[in-house]
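Okay, so the sequence shown: first residue is -19 according to the numbering used here, each after it adds one.
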Amino acid sequence: MPTKKTAEKTTEPKAKKEPKEKKVPAKKTPKAKEPAVLKVAPEVVVEEKRPEAEAATPEAVQETLAIGEEMFAEGAEDPNKPDRYWEAVGRRKTAVARVRLFTRGDKGIIVNKKAYGDYFQCLEDRVVVEDALKKMKSFERFRVTVKVSGGGIHAQAEALRHGVARALTKFNPDFRKRLRRAGYMTRDPRMKERKKFGLKKARKAPQWAKR
-19 MPTKKTAEKT
-9 TEPKAKKEPK
1 EKKVPAKKTP
11 KAKEPAVLKV
21 APEVVVEEKR
31 PEAEAATPEA
41 VQETLAIGEE
51 MFAEGAEDPN
61 KPDRYWEAVG
71 RRKTAVARVR
81 LFTRGDKGII
91 VNKKAYGDYF
101 QCLEDRVVVE
111 DALKKMKSFE
121 RFRVTVKVSG
131 GGIHAQAEAL
141 RHGVARALTK
151 FNPDFRKRLR
161 RAGYMTRDPR
171 MKERKKFGLK
181 KARKAPQWAK
191 R
């Protein structure tokens, strides 16, 4: 006779637990990407401010041509103050002219301690000397002293004009454009051509007889 313990053991075997089905996660369908929208900044139109063309009034022309009265009056109050001057050098061929412009003192042109009318006997040379000052309407506003050397009389006159034009541009830079147009600021590079042996001068040949 089986005992109670064995009887308990001989009971029906327990049913095996069925394995749980693994849950497979559903694949996520990729969302359709929305087309990227480029943000375009609104165009900013910057209008360039162009200076309005001012009509050349006669007053404006006079301002550019006329020399400031303050510049002429500089140093006039103090007689002990040394004279202020504007200096430049002009050249033509081998002539060299050192020019100084003064705003005080007796107005005129002095060349090598002589009045320019006495130094330049020819009328054409005197006109050349006066050209630059008369062009800027300032002939009677300056005392001009000049030391000139080298070259001939005509070359010295042109060197003096070149030096006066340069000195005027130092006094007032606005004069440069008008003096440049007149040709007074240009250094004339032409020089006398050298003599050749066998010839009388640079090009002149001695007389030739065929027979």
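Glycine is no exception: its CB is placed at the ideal position from the N, C-alpha and C atoms.
In this text, all values refer to a predicted model and were calculated from it rather than measured experimentally.
The Cβ atoms of Arg123 and Phe82 sit closer than 8 Å to each other. Rounded to the nearest whole angstrom, the CA to CA distance from Arg160 to Asp111 is 13 Å. Look at Gly97 here: in three-state DSSP terms it is helix. Ranking Glu120, Met116, Leu148 and Ile133 by CA distance to the CA of Val79 puts Leu148 first.
Gln101 has its alpha-carbon roughly 19 Å from the corresponding atom of Val76.
Nearest to Gly88 by alpha-carbon distance, out of Pro153, Glu120 and Val126, is Glu120.
For Gly70, the enclosing beta strand (DSSP E) covers residues Tyr65 to Arg72. The Cβ atoms of Arg146 and Ala68 lie closer than 8 Å to each other. Val144 places its beta carbon 8 Å or farther from that of Ile90. In this chain, Lys150 is not harboured by any beta strand (DSSP E); it is covered by the alpha helix (DSSP H) spanning Ile133 to Phe151. DSSP, reduced to helix, strand and coil, places Arg174 outside both helices and strands of the structure shown, so it counts as coil. Close CB contacts of Arg156 within its chain, under the 8 Å cut and outside five residues either way in sequence, are with Thr149 and Met165 (chain order). Measuring C-alpha to C-alpha distances from Lys114 to each of Arg158, Arg183, Trp66 and Arg167 identifies Arg158 as the nearest.
Distance from the Cα of Lys176 is smallest, within the candidate group Arg170, Ala135, Trp66 and Ala185, for Ala185. Around the beta carbon of Ser129, a 10 Å sphere encloses fewer than 16 other beta carbons of the protein chains shown; the residue is thus reported as exposed. Per the DSSP secondary-structure output, Leu81 pairs in a beta bridge with Trp66 and Val124.
Using a Cβ distance threshold of 8 Å, Ala139 and Gly97 do not count as a contacting pair. A straight line joining the alpha-carbon of Lys190 with that of Glu173 spans about 29 Å. Residue Arg106 holds the alpha-carbon nearest to the alpha-carbon of Ala137 among Arg106, Lys117 and Arg167.
The straight-line gap separating the alpha-carbon atoms of Ala135 and Thr74 is approximately 8 Å.
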